[in-house]
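Residue numbers (our numbering): 3 to 84.
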C-alpha cells in the first residue's frame with residue numbers, strides 16, 4: 003500500500019511504517035511472538051475505526067484508509083539482497 007513516516011509530537015521519536023495488503027493464514031505451530039510483542043489483536047476495519055482499541059499512532063488509520071481506497075502497488079519495488 004505504501005510507506006509512512008510520522009514523528010511523535012514533542013519528541014524526536016520517528017516511526018516508519020510499511021503497509022501491505024494480503025491474506026493471513028493460520029499461525030505457525032511452534033513459533034512464538036517476539037519478546038517485545040506482548041499480545042496480538044485481530045480487528046475488523048470497523049472495529050479499528052470505532053476505537054475498540056485506540057490506535058498507537060495516526061499511521062494506523064491512514065494505512066487503513068489507503069488500503070481500502072488506493073490502487074495496489076506492484077511489489078517489484080522491493081528488493082532482497084543476499
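From the three backbone atoms N, C-alpha and C, an ideal C-beta is built for every residue, glycine too.
Only a predicted model underlies this, so the values are computations on that prediction, with no experimental measurement involved.
Sub-9 Å separation of residue i and residue j beta-carbons
i: residue 58; j: residue 6; result: no
i: residue 61; j: residue 15; result: no
Beta-ladder partner(s) of residue i, from DSSP
i: residue 9; result: 16
i: residue 4; result: 21
Residue burial classification, residue i (beta-carbon count within 10 angstroms, cutoff 16)
i: residue 26; result: exposed
i: residue 3; result: buried
Nearest to residue i (by Cα), restricted to the options the options
i: residue 55; options: 66, 43 and 74; result: 43
Expected contact under 8 Å - CB spacing of residue i and residue j to nearest Å
i: residue 66; j: residue 47; result: 6 Å
i: residue 69; j: residue 21; result: 6 Å
heavy atom of the ligand SAM below 8 Å from residue i C-beta
i: residue 42; result: In the structure shown, the ligand SAM is absent, as is every other ligand, since no ligand is present at all.
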